[in-house]
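Here is the structure we will look at.
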Amino acid sequence: MITTENAKSRWTSKIAKYNQDYVTSTKDNYKCNITTHGIFSEEWFDTLKTKVNYRLRADYKKYKSAETKSIKDRIDKRVEITRDYQTKWLSSILDRNTLTNIVIDKVLVNEETGISTKRLATEPREVKKAVDNDFANMFRKRNTLLDTMTPIW
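Residues in the sequence shown are numbered consecutively from 295, following the working numbering.
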C-alpha cells in the first residue's frame with residue numbers, strides 16, 4: 295500500500311477535486327462524497343467501492359435523462375414541423391426540394407375527340423382548361439359495383 299505522506303496529500307487533493315463534481319443535494323452529497331479519513335485502509339477501500347458505484351449509477355441516470363430529453367425535444371420539433379410547416383416536412387421526408395412550384399405552361403391536347411392527332415397548346419387559358427379537365431377525369435368519382443366484386447378472403 296501507498297503510505298507516504300506525499301502520496302496521501304496528493305490523493306487527498308484529488309479526492310477533494312473529485313468531490314466538487316458531485317456537489318448537489320445533501321442526500322446525494324452524503325452518498326457521493328469520498329472521505330479522506332483513514333485513507334488507504336481496507337475499510338476506506340470498501341467505502342470507496344460503494345461510493346464509486348453510486349456515482350456511476352447517478353452518472354448513468356443523468357446521461358439517460360439528458361438523452362431522453364434530447365429525443366423528446368427532437369420529436370416535439372418534428373411534430374411542430376409536421377403541423378405548422380408542411381412544405382418543409384414534405385421536403386424532409388421525400389428528400390427533395392418541394393419548395394419550387396410546378397408551372398404547367400404547355401400541354402398536349404387532342405385535335406378532335408376520337409382522333410389520335412395531338413397538338414401542343416401554349417395559350418394559358420387553353421392550358422388551364424385542358425389541365426383542369428385532365429385532373430377532373432383522373433380524380434373523378436368511380437362507379438364501383440360492390441355487388442359484382444368477389445371477396446378476397
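Where a beta carbon is used, it is the ideal one built from N, C-alpha and C, also for glycine.
Span of the beta strand (DSSP E), counted from its first residue to its last, around residue i
i, result
"Leu384", "From DSSP, Leu384 is part of no beta strand (DSSP E) but of the alpha helix (DSSP H) over 380-388."
Beta-carbon proximity list for residue i, same chain, < 8 Å, skipping 5 on both sides
i, result
"Lys345", "Lys325, Cys326, Asn327, Ile328"
"Thr306", "Thr330, Ile333"
Residue i versus residue j - alpha carbon distance
i, j, result
"Thr442", "Arg436", "15 Å"
"Met295", "Thr341", "Bear in mind that the predicted position of Met295 carries a pLDDT of just 49, short of 50, making it unreliable; the figure below should be weighed with that in mind. Whole-angstrom Cα-Cα distance: 17 Å."
"Leu388", "Asp399", "25 Å"
"Asp367", "Val317", "27 Å"
"Val421", "Ser364", "50 Å"
For residue i: DSSP bridge partner residues
i, result
"Arg413", "Val403"
First through last residue of the alpha helix (DSSP H) which encompasses residue i
i, result
"Pro418", "418-432"
Close beta carbons around residue i, own chain, < 6 Å, minus the five adjacent residues each side
i, result
"Thr416", "Lys400"
Chain-order list of residues whose beta-carbon lies under 7 Å from that of residue i (same chain, five-residue window excluded)
i, result
"Trp338", "Gly332"
ask   = Residue ranges of each alpha helix (DSSP H) run of no fewer than 4 residues wholly in the region 308-347, ordered along the chain?
value = With a minimum length of 4 residues, the continuous alpha helix (DSSP H) runs that stay inside the region 308-347 are 320-326.
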